[in-house]
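The sequence shown begins at 279 in our numbering and counts up one residue at a time.
Working notes for the structure below.
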Amino acid sequence: MSLWWEKSGLRFECAACGRCCGGEPGTVTVTEAERAAISAELNISIDTFEDTYMVRKDGVMTLREEENYDCIFIERNSKRCGIYRVRPLQCRLFPFWPSVLKNKDAWDFYAALCPGMNKGKLYPPELLKKFLELPSARRL
Ligand code: SF4
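Printed below as a string of structure tokens:
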């Protein structure tokens, strides 16, 4: 399968606008290891973390959202992530999710929303291929 970025790579540099962290309904899955890391960061038990910050939606456990669909961990005014240091892989890897890297329409769709895409730092094809091969990213 040939992908549109295989020769040129892709540019991305987060502008920290917080748009990808809310504004519309979404799902953020959190692995067991990530739940443990976030709980430790917040100094609470994993059970308390799940009860307080997660909810079951469409059959999967996801981070809760505010009424305006912002992620529960986004600080409203600064738009900064309250668990940035231990944020889940899904957040860490955006926009280089396999579902986006394999689909130019998906890339273009997100690029219309994300001011960081198609500019800034160049991610070479070799690195993008590594993202695609990450076993833990296959669900994204
Ligand atoms: S929408 Fe793009 S630029 Fe804005 S915070 Fe998310 S990744 Fe960064």
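Just so it is clear, CB atoms sit at the ideal spot from N, CA and C, and this is done for glycine as well.
Output yes or no for whether 8 Å exceeds the beta carbon distance between P393 and C295.
yes
For L288, write down the residues that DSSP places opposite it in a beta bridge.
Y401
Sub-8 Å separation of G300 and I352 beta-carbons
yes
Check whether the Cβ atoms of L367 and A415 sit closer than 8 Å, and answer yes or no.
yes
Which two residues bound the contiguous beta strand (DSSP E) that contains T340?
338 to 341
From the DSSP output, which residues share a beta bridge with I316?
Per DSSP, none; premise fails for I316.
Can you tell me the Cβ-Cβ gap for F409 and F374, rounded? I've got them flagged as a contact below 8 Å.
4 Å
Could you tell me how far apart the beta carbons of E310 and V364 are, in whole angstroms, since I believe they sit closer than 8 Å?
About 14 Å separates the two Cβ atoms, so there is no contact after all.
Can you tell me whether L288 is buried or exposed? The criterion is at least 16 other CB atoms within 10 Å of its CB, across all chains shown.
buried
Sequence-distant residues of the same chain with beta carbon closer than 6 Å to K399, five excluded per side:
E291
Straight-line Cα distance separating C359 from V378:
22 Å
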